[in-house]
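Chains as they are written, first to last, in this note's numbering: chain V, 1 to 275; chain G, 1 to 367.
The beta carbon of each residue, even a glycine, is placed where N, CA and C say it ideally should be.
So the structure is just underneath, and the comments pick up after that.
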């Protein structure tokens with residue numbers, strides 16, 4: 001190690017301590033899931049008695065429709081993300097490159113919709129889905145998820161597109177593309193970064209979402225709703241809840257780990273440009 | 001037929017008028033360069049011809065068609081952009097063929113045309129690369145290839161060489177000229193670099209502030225600039241303007257520089273000046289040299305003594321800065337020898353190479 005510059009030790013220590021705070025609950029959950037409930041009731045860090053068992057895992061697998069719930073979660077989060085990924089860039093393209101009357105006002109309204117609490121929408125939406133017959137259909141949940149995401153997703157993608165080189169759009173027009181073709185062939189393939197960001201955020205939010213699925217779905221429930229059922233009326237079933245929590249958390253964690261490079265701030269647009 | 005006519009072309013952005021009634025006729029096959037400082041409206045004019053900018057009023061004719069209402073693809077034009085604008089996610093081959101693909105050309109024909117263009121520009125080895133794997137010069141050639149492939153009637157170039165280093169720029173200039181010889185199409189080329197304009201153009205259009213200042217061949221603009229702006233813009237180093245007024249020595253008019261020497265008026269302009277008129281005396285550095293270090297002069301020569309202000313040796317020539325009144329004038333010393341600052345020397349001024357411009361209107365008195 002170079003004697004001229006030695007980085008100080010205290011930032012490392014500080015980061016280590018902070019990381020521990022974040023990691024601790026994870027350790028706790030794993031501990032709770034592999035130890036009998038009796039031991040962990042006094043706190044999972046308790047080591048008066050220490051036995052490891054996979055009983056909770058077996059119980060959850062056998063007693064609850066975990067696979068179905070997992071599949072429902074995948075469908076709901078997957079389709080919601082896909083919807084947002086495809087629709088947000090279209091709106092963003094319109095706001096970034098087209099001129100139409102009321103553009104500024106529409107954009108303001110769209111972005112301000114972000115401040116509306118979802119709770120306000122429950123009753124009107126429920127009435128609508130019931131009248132249309134979509135209760136217990138996953139689309140009763142997917143449609144609001146996609147629609148509500150437009151507020152931040154369009155904003156996010158539009159801000160990226162504002163820096164998109166205008167000359168590429170011009171070149172596409174000269175090559176004969178109208179706006180739709182320009183969007184599809186030129187803008188979209190080069191907007192993968194914000195699309196990935198929208199996808200990841202939307203996936204994580206919809207995966208963990210409890211309120212709308214709990215209200216609109218009966219049989220086709222996703223994992224978070226199943227989690228509340230596992231809790232049980234008479235017993236807390238902490239060990240089984242822990243198992244279900246781990247299963248619920250693993251998938252978004254893996255997705256995030258794989259796609260996190262797209263979050264890189266200022267991820268540069270690989271370019272056919274001069275610089 | 002790919003002549004171009006701009007008639008009373010006006011462009012407004014909201015309240016601001018950026019192009020003031022432009023009129024221009026370009027002949028079929030001509031290489032026309034629009035040149036001028038930033039913000040003069042040259043790129044706006046080009047984009048209006050391309051169809052990327054709407055026309056506020058006036059008309060644009062390509063061939064004998066009025067095109068101001070047509071989309072870019074229907075105008076028979078191709079454009080090469082300053083930042084190349086290559087599609088980053090497509091290979092060179094796909095970049096070249098994209099326009100043809102959009103217009104529904106059969107695949108076999110696309111391949112044939114792409115290969116032809118690639119051969120013309122030396123891009124055969126690069127067809128499977130993506131733009132980010134190319135150098136600046138290669139990218140520029142792909143941009144040109146993309147324009148060629150569409151076999152347009154008119155080529156539009158928007159400052160294509162601004163981002164290249166000096167050596168590459170010289171190389172690409174001759175490539176573009178060679179292209180013009182080969183395809184013989186009408187070319188409109190926009191640049192802020194007057195050297196590019198002078199070396200490449202059949203005719204140059206000098207623009208400033210949304211107006212056309214002068215249109216002419218490089219030679220015409222150099223020898224007969226219409227006003228102060230064109231005179232100082234074209235030619236390197238720029239023409240020096242000496243501030244002063246017309247006086248008389250009793251017999252003939254003379255030029256009295258402000259706080260400076262008395263200079264004779266070029267013969268051709270003696271009838272055109274009025275005593276008391278405030279003028280600029282325009283001197284090009286090639287017309288003003290130290291005695292014994294100048295070009296052979298055919299016409300009238302005026303000798304004067306000046307003090308050297310500043311010296312710039314360029315190798316084959318030396319540029320000497322001299323104060324004439326309140327203005328600084330550059331003198332070219334051919335076959336240079338040692339020159340010291342603050343040295344006083346004899347200089348000679350070739351009068352036929354000098355110009356007079358009215359100070360108020362800035363127009364040349366030759367007109």
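Practice task
Flag residue 196 (chain V) as yes if its beta-carbon sits less than 7 Å from any beta-carbon of chain G, otherwise no.
Solution key: no
Problem - Residue from G:31, G:28, G:81 with nearest C-alpha to residue 47 (chain G) - result: Comparing Cα positions, the closest option is G:81.
Exercise for the section: Mind checking the stretch 160-183 of chain V against chain G and listing, in chain order, the residues whose C-beta falls within less than 7 Å of any C-beta there? Expected result: 165, 167, 168, 170, 171, 173, 174, 175, 176, 177, 181
Problem - Cβ contact (3+ pairs, closer than 8 Å) linking the stretch 199-207 of chain V and the stretch 55-64 of chain V - result: As far as the Cβ criterion goes, the stretch 199-207 of chain V does not touch the stretch 55-64 of chain V, which means the pair count is below three.
Practice task
Identify which residue in G:185, G:21, G:157 has its Cα closest to the Cα of residue 172 (chain G).
Solution key: G:157
Exercise for the section: Decide if the stretch 229-240 of chain G is in contact with the stretch 62-74 of chain G; the criterion is three or more beta carbon pairs, one per stretch, under 8 Å apart. Expected result: no
Exercise for the section: Report the rounded CA-to-CA distance for residue 151 (chain G) versus residue 34 (chain G), giving the unit in angstroms. Expected result: Straight-line measurement puts the Cα of residue 34 (chain G) at about 23 Å from the Cα of residue 151 (chain G).
Problem - residue 266 (chain V), buried or exposed, once every other Cβ within 10 Å from all chains shown has been counted against 16 - result: Annotation note: pLDDT 44 at residue 266 (chain V) (below 50); position unreliable, no value reported.
Handout entry: Unbroken beta strand (DSSP E) run spanning residue 289 (chain G), endpoints
Key = 288-290
Practice task
Return the bridge partner residues of residue 303 (chain G) from the DSSP annotation.
Solution key: G:348
Handout entry: Buried versus exposed, by CB contacts within 10 Å (16 or more), residue 89 (chain V)
Key = It is buried - the Cβ of residue 89 (chain V) has at least 16 other Cβ atoms within 10 Å.
Exercise for the section: Check the Cβ-Cβ distances between residue 99 (chain V) and every residue of chain G, and say whether any is below 7 Å. Expected result: no
Exercise for the section: Return the residue from the list G:198, G:298, G:155 that minimises the CA-CA distance to residue 3 (chain G). Expected result: G:155
Problem - Buried/exposed call for residue 278 (chain G), threshold 16 Cβ in 10 Å - result: exposed
Practice task
Could you tell me the boundaries of the beta strand (DSSP E) in which residue 355 (chain G) lies?
Solution key: 354-358
Problem - Near-chain G residues of the stretch 130-144 of chain V (beta-carbon distance less than 9 Å), N- to C-terminal order - result: none
Practice task
Would you mind working out which of G:307, G:238, G:255 sits nearest residue 341 (chain G), comparing C-alpha positions?
Solution key: G:307
Exercise for the section: Let me know the alpha helix (DSSP H) ranges lying completely inside the stretch 22-60 of chain V, each 4 residues or longer, listed in chain order. Expected result: 37-40
Handout entry: the ligand ATP heavy atom lying under 6 Å from the CB of residue 195 (chain G)
Key = The ligand ATP is not among the ligands present in this structure, which contains no ligands whatsoever.
Exercise for the section: Pick helix, strand or coil for residue 323 (chain G), following the three-state DSSP scheme. Expected result: strand
Handout entry: Pair within 7 Å by beta-carbon distance, residue 40 (chain G) and residue 207 (chain G)
Key = Yes, the Cβ-Cβ distance between residue 40 (chain G) and residue 207 (chain G) is below 7 Å.
Problem - Anticipated Cβ contact below 8 Å, residue 138 (chain V) with residue 220 (chain V), distance rounded - result: 6 Å
Problem - Exposure of residue 291 (chain G), with buried meaning 16 or more beta-carbon neighbours within 10 Å - result: exposed
Handout entry: Proximity test, Cβ basis, 7 Å: residue 285 (chain V) and chain G
Key = The structure shown has nothing for residue 285 (chain V), since chain V only spans 1 to 275.
Practice task
Taking only beta-carbon positions, decide if residue 34 (chain G) is within less than 7 Å of chain V.
Solution key: Residue contact check for residue 34 (chain G) against chain V: no CB pair falls below 7 Å.
Exercise for the section: Output, in chain order, the set of chain G residues within a Cβ distance shorter than 7 Å of residue 186 (chain V). Expected result: 87
Exercise for the section: Leaving out five residues on either side along the sequence, give the residues of the same chain with a beta carbon under 8 Å from the beta carbon of residue 58 (chain G). Expected result: 6, 7, 8, 9, 10, 21, 22, 68
Practice task
Inspect the beta-carbon positions of residue 322 (chain G) and residue 329 (chain G) and report whether they are closer than 7 Å.
Solution key: In this structure, residue 329 (chain G) lies closer than 7 Å to residue 322 (chain G) by Cβ.
Practice task
Tell me whether the beta-carbon of residue 73 (chain V) lies closer than 7 Å to the beta-carbon of residue 222 (chain V).
Solution key: yes
Problem - Residues of the stretch 89-116 of chain G whose Cβ lies closer than 7 Å to any Cβ of chain V, in chain order - result: 89, 98, 99, 102, 103
Practice task
Report yes or no: do three or more beta-carbon pairs, one from the stretch 173-180 of chain G and one from the stretch 188-202 of chain G, lie closer than 8 Å?
Solution key: yes
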